[in-house]
Structure formats: C-alpha cells, structure tokens
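Here the working numbering is used: the first residue of the sequence shown is -1, the next is one more, and so on.
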Amino acid sequence: MYDMKALTDLFQNNRAWAQSVVDRDPGFFTRLLHQQAPEYLWIGCSDSRVPANEIVGLLPGELFVHRNVANMVVHTDLNCLSVLQYAIDALGVRHVIVCGHYGCGGVHAVLNGDKFGTIDNWLRHVHDVADKHQTMLETIGDRRERVNRLCELNVIEQVRNVCMTTAVQDAWSRGRALSVHGWIYDLKDGLLRDLGISIGGTNEITSSYKSALARLGGPIIAAQPGQS
Ligand code: CO
C-alpha cells in the first residue's frame, strides 16, 4: 500500500539523518543522552510549514518546544502551563519566544467564520483577541492584511499571557533573568520579524505591550541586519 511505503520512507529518512549527525559529530547523541540545557522555549503554531528548530537553525537539545494551533497561551491550559513551568524551573531557559506566522489557518478561520468542529472551541480564544482589537481590524480593508494583522495582535496578546502566568511571575519575583519575546514568521520568505515586544520583568509588561500595539502598521522591525 502506498501509505505503508510512505511510513517506511520516514524510517529510512530517520536512519540517514542519525547517520549524518554522527558523521558530523560522533559524540552528539552520547552528549545529549544525560541532559538537556536549552536556553530557549519556543511557543509556536502547529503549522507544518513553521518547524521551530529549523527556522532558527538550532540542533536537538537547544530549543524546548511547545506548539498548538495558532500559538496560544491560554490561562488554564495545563499542557502549555506545564511546559512553561518545567522549562523555566527545571531546565532554566532564559528566553521564552512566542512565534506566530502570517497566513495562520486558525486565525484565518476566525475572521472567515469557518466551522471545523472541536477546534472551533480552541479558536474562541483567537475570537476574543479579534473582539478586543475590533476597532483596529475594521480599519483594514484588505482581507489578507486583516488576517495578518490579527496574527500579529495574537502574538502580542499571547506574550502578555505568558507574562501573567504563575511560572513567569514567580521566576521574576525570585529575581530570575527571563525575557519573553514576540516574533512572527513569514511563510513567503522564511524570515522572522521581531514584533518589538520583549519583556524582562513585571514592570515592563504594560509599556512594552502598548508600544508594540502602537507600532503595528508602521515599519516592520526587521530581524535582518542592514534593514531599518
Ligand atoms: Co498557524
């Protein structure tokens, strides 16, 4: 059957990959066996076109990852909250990155009023973001641009949600150096954009949140050197 063949291909790919890693660095897997000490936690969308490690060029062991549809940080999502707390307290990550992407299917479904089933309940949280920023969104005539703006707004809101969690609040109150960042990935060119929200303490939340919102629609802060 074709499907069986496809899965066999994956095992072949896996063997080839493992071999290529060992060829490059014979001690690679042995070193990672006993510990992981990633510096970053990535909270991103499940979208298959946004593979976390690959787009930031990080190897196994270097990036702790949580992905769900539309890169949400929901206040009562035990899954995400557990990842966050473990990453901060047990692994000692220093940066939490919320990374959205333009053209996100979950965000598009919200603005389009699409119905898919169970996922609609999850996407209610994106609806809440759209409702909160309805005035800004209504000023954008072009449909695709409106989706992309909501993708940006959603990242900014999720960064704020990360900052409000007990895991992050407790870390900051203990004096831990921990920053929360908001980025967005462009499927068109494979590049990341910094949304200009980087928060390193409770006293920075409101000002950074407000200035990131105010910057939307203005020139994009390019993560690329040489661009303004
Ligand atoms: Co998406």
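C-beta atoms are modelled at their ideal positions from N, C-alpha and C, and glycine is treated no differently.
Can you grab the Cα-Cα spacing for the pair residue i / residue j, in whole Å?
i: Y100; j: I182; result: 7 Å
i: E202; j: T6; result: 50 Å
i: I95; j: Q167; result: 16 Å
i: T133; j: H125; result: 14 Å
i: G90; j: G139; result: 44 Å
i: E60; j: W40; result: 10 Å
i: R65; j: G25; result: 29 Å
i: C78; j: N159; result: 11 Å
i: E37; j: D21; result: 26 Å
i: N69; j: N152; result: 8 Å
i: Q34; j: S44; result: 23 Å
i: T200; j: D75; result: 21 Å
i: V72; j: G215; result: 26 Å
i: K3; j: L57; result: 28 Å
i: C97; j: G103; result: 15 Å
i: I117; j: R147; result: 21 Å
i: N12; j: E52; result: 16 Å
i: Q10; j: V19; result: 14 Å
i: H106; j: K113; result: 11 Å
i: R172; j: K208; result: 26 Å
i: T204; j: R47; result: 32 Å
i: S80; j: R92; result: 16 Å
i: L189; j: V67; result: 20 Å
i: D23; j: G55; result: 16 Å
i: G111; j: R122; result: 11 Å
i: D301; j: T137; result: The shown model of the chain, from -1 to 226, leaves out residue 301, and the question about it has no answer.
i: G115; j: F27; result: 41 Å
Does the Cβ of residue i have 16 or more other Cβ atoms within 10 Å, making it buried, or fewer, making it exposed?
i: F62; result: buried
i: R191; result: buried
i: G180; result: buried
i: Q17; result: exposed
i: M162; result: exposed
i: Q222; result: Any reading at Q222 must be qualified, since the residue scores a pLDDT of 48, below 50, and its modelled position is unreliable; the value itself is stated next. Classification for Q222: exposed.
i: R29; result: exposed
i: S206; result: buried
i: A85; result: buried
i: W170; result: buried
i: N119; result: exposed
i: G42; result: buried
i: H32; result: exposed
i: Q156; result: buried
i: E150; result: buried
i: L193; result: buried
i: A50; result: buried
i: S185; result: Note on residue identity: the sequence assigns Leu, not Ser, to residue 185. Per the 10 Å Cβ criterion, exposed.
i: L8; result: exposed
i: W15; result: exposed
Whole-angstrom Cβ separation of residue i and residue j, contact assumed at under 8 Å?
i: R141; j: L135; result: The Cβ separation is near 11 Å, so there is no contact.
i: A261; j: I195; result: The chain is shown from -1 up to 226; residue 261 falls before or after that span and cannot be answered.
i: Q83; j: A165; result: 4 Å
i: S177; j: I197; result: 7 Å
i: A128; j: L109; result: 7 Å
* What are the uninterrupted segments assigned as alpha helix (DSSP H) that are 4 or more residues long and contained completely in the region 164 to 214, given in chain order? -> Runs of the alpha helix (DSSP H) lying entirely within the region 164 to 214 and spanning at least 4 residues, in chain order: 164 to 171, 203 to 213.
* What residues sit near the ligand CO, counting only those whose C-beta is closer than 6 Å to one of its heavy atoms, in chain order? -> The set, ordered by position in the chain, is C43, D45, A68, H99, C102, G103, G104.
* Every unbroken beta strand (DSSP E) inside the region 111 to 141 [3 residues or more] -> If we require 3 residues or more, the region 111 to 141 turns out to have no beta strand (DSSP E) run fully inside it.
* **Whole runs of the alpha helix (DSSP H) within the region 29 to 83, excluding any shorter than 4 residues** => Complete alpha helix (DSSP H) runs here, min 4: 50 to 53, 76 to 83.
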